[in-house]
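One line per chain: the protein sequences are Y and R, in this order. Mapping to the working numbering: the first sequence position 100 is 100, numbers consecutive. Mapping to the working numbering: the second sequence position 78 is 203, numbers consecutive. A virtual CB, placed ideally from N, CA and C, is assigned to each residue, including glycine.
There are 2 protein chains.
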Amino acid sequence: MADRLSSTFSALADPTRRAILARLSSGARSVTDLAEPHDMSLPAISKHLGVLERSGLIVRGRDAQWRPCRLRAQPLKEAVDWLEGYRRFWEESLDRLDDYLRELQARPPAPAKDQGRRPRKRPAR
Amino acid sequence: MADRLSSTFSALADPTRRAILARLSSGARSVTDLAEPHDMSLPAISKHLGVLERSGLIVRGRDAQWRPCRLRAQPLKEAVDWLEGYRRFWEESLDRLDDYLRELQARPPAPAKDQGRRPRKRPAR
DNA sequence: TTATTAATTAACCGAAAGGTTAAATGAGAT
DNA sequence: ATCTCATTTAACCTTTCGGTTAATTAATAA
């Protein structure tokens, strides 16, 4: 998987892990603490924490026999930065305009709604 | 995987798929067109497109023998919306302050009023 | 009809994900 | 020393992922 962005998205692609992050946003927590809301064995949680740690989304400290986890949001920022590159595609007004432009691109002159497809040599651009 | 957010993040957790989305941001493209920059078989690309389609990030049309793919950014918006909930954690100044507050939480400073170091029963909060 | 081009489906494969239980480790508390 | 609690590691299992090649479907061109 190698690259940071992939490992961040992959870490976020699990509801348990997102719930853990949500929990951590109100402060550091021990592992058992984090496990409590989940119907899942402790080792399973420990593995999830491993994934989050490897992707840089948490750091684990040491406090006697507890290993308090802390949120580190830097990778989240990187994810958002990537996603922002697509903002124009979901901004409402542009979205519609865009759909329209794409429609034009896909079926150049032709009557508005179309569907009646006559043979063409090249794919839509 | 079920939930939308998971399937979006999971779709984004692959560099090939992100590259495909990037390519689509300049307009609809045929499958072979999308495959061209990748050192990978066509069926592999087709599978990636299947993942993107199932997560709602693209739609596939029909134009003669071509299946032009179009970007649909709605799921990206949902991903960003989720991530925005963590913005305060990466905003620079707050980040430092936060680290400091968390440090305090984790190891309460030397007691103002005795407390005299004696074992603690509960983890840091 | 046959051939060509675009794309998907089928069948398979090895590796990684996500879970389990059981055993091991670490740090106090007694 | 020993007990107990918090957590991780080991070993295992099943499913999903990401890729392959070979065969199939769909549409057009000759």
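What three-state label does DSSP hand residue i in the structure shown?
i, result
"Arg143 of chain R", "helix"
"Ala249 of chain R", "Confidence is the limiting factor: at Ala249 of chain R the pLDDT is only 37, short of 50, which leaves the residue's position unreliable and the question unanswerable from this model."
"Asp188 of chain R", "strand"
"Leu182 of chain R", "coil"
"Arg23 of chain Y", "helix"
"Arg88 of chain Y", "helix"
"Arg70 of chain Y", "strand"
"Asp3 of chain Y", "coil"
"Ala11 of chain Y", "helix"
At the level of alpha carbons, what is the spacing between residue i and residue j?
i, j, result
"Ser132 of chain R", "Leu71 of chain Y", "23 angstroms"
"Glu178 of chain R", "Val184 of chain R", "6 angstroms"
"Pro140 of chain R", "Arg23 of chain Y", "29 angstroms"
"Pro68 of chain Y", "Arg192 of chain R", "51 angstroms"
"Gly85 of chain Y", "Arg142 of chain R", "15 angstroms"
"Arg212 of chain R", "Lys77 of chain Y", "7 angstroms"
"Pro168 of chain R", "Ala136 of chain R", "17 angstroms"
"Gly56 of chain Y", "Ala73 of chain Y", "8 angstroms"
"Met1 of chain Y", "Phe214 of chain R", "25 angstroms"
"Leu208 of chain R", "Asp128 of chain R", "16 angstroms"
"His48 of chain Y", "Leu21 of chain Y", "11 angstroms"
"Arg51 of chain Y", "Phe134 of chain R", "It is worth fixing the name first, because residue 51 of chain Y is Val in this sequence and not Arg. Going by the C-alpha atoms only, they are around 15 angstroms apart."
"Ala144 of chain R", "Ile170 of chain R", "11 angstroms"
"Glu91 of chain Y", "Val205 of chain R", "12 angstroms"
"Pro200 of chain R", "Ala138 of chain R", "14 angstroms"
"Leu5 of chain Y", "Leu130 of chain R", "16 angstroms"
Checklist entry - Quick one: any contact between the stretch 145-160 of chain R and the stretch 182-194 of chain R, if contact means 3 or more CB pairs under 8 angstroms? => result The stretch 145-160 of chain R is in contact with the stretch 182-194 of chain R.
Item to check | Where the stretch 187-200 of chain R meets chain Y: residues whose CB sits under 7 angstroms from a CB there | outcome: Result list: Asp188, Ala189, Trp191, Pro193, Arg195, Leu196, Ala198, Gln199.
Next on the checklist: Counting beta carbon pairs with one atom in the stretch 38-54 of chain Y and one in the stretch 157-167 of chain R, are three or more of them shorter than 8 angstroms?
Outcome noted: no
Checklist entry - Taking Cβ-Cβ distances below 9 angstroms as the criterion, which residues of the stretch 127-140 of chain R are in contact with chain Y? => result For the stretch 127-140 of chain R, the set of positions with a beta-carbon nearer than 9 angstroms to some beta-carbon of chain Y reads Ala127, Asp128, Leu130, Ser131, Ser132, Thr133, Phe134, Ser135, Ala136, Leu137, Ala138, Asp139, Pro140 in chain order.
Item to check | Members of the stretch 141-168 of chain R near chain Y, C-beta cut-off 9 angstroms | outcome: Arg143, Leu146, Ala147, Ser150, Gly152, Ala153, Arg154, Ser155, Thr157, Asp158
Checklist entry - Looking at chain Y, which residues of the stretch 170-188 of chain R have a Cβ within less than 9 angstroms of any of its Cβ atoms? => result Gly186, Arg187, Asp188
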